[in-house]
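**Student:** I have a structure here, written as structure tokens, and I will follow up with some questions on it.
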Amino acid sequence: GQSVAILFLDLDHFKEVNDTLGHTVGDLLLQEVVGRISSEVRSSDTLCRLGGDEFVVVVPQTRVPGEAERIAQS
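Converting from the sequence shown to our numbering requires adding 29 to each position, the first position being numbered 1.
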């Protein structure tokens, strides 16, 4: 069998950004977050937005100990 890690990510205080700075700024923030997460994952990984400020990263074939933790901390 293959090992796989599933990371659930949630942005803290995202609602406050939308409420105080507006949805346009919130959308720009989401784009920036996606860009940063994308730069940390491998091409074989899958990044999905669940909705709002929640994301999932599926990290298959996590052969290197700590690979999922490295992505989560980035």
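Even for Gly, the Cβ is constructed at its ideal location relative to N, Cα and C.
Since this is a predicted model, take the numbers as computed values, not measurements.
#1: Can you tell me which of the three DSSP states residue 55 falls into?
#2: Please return the same chain residues whose Cβ sits closer than 6 Å to the Cβ of residue 75, not counting the five positions on each side in sequence.
#3: Could you check whether residue 67 and residue 89 sit closer than 8 Å to each other, using their CB atoms as the reference points?
#4: Compute the Euclidean distance between the alpha carbons of residue 47 and residue 35, then round it to the nearest angstrom.
#5: When you compare each of 30, 37 and 32 to residue 80 by their alpha carbons, which one comes out closest?
**Tutor:** From the atom records:
#1: If DSSP states are grouped into helix, strand and coil, residue 55 belongs with the helices.
#2: 87
#3: no
#4: 27 Å
#5: The residue with the shortest Cα to Cα distance from residue 80 is 37.
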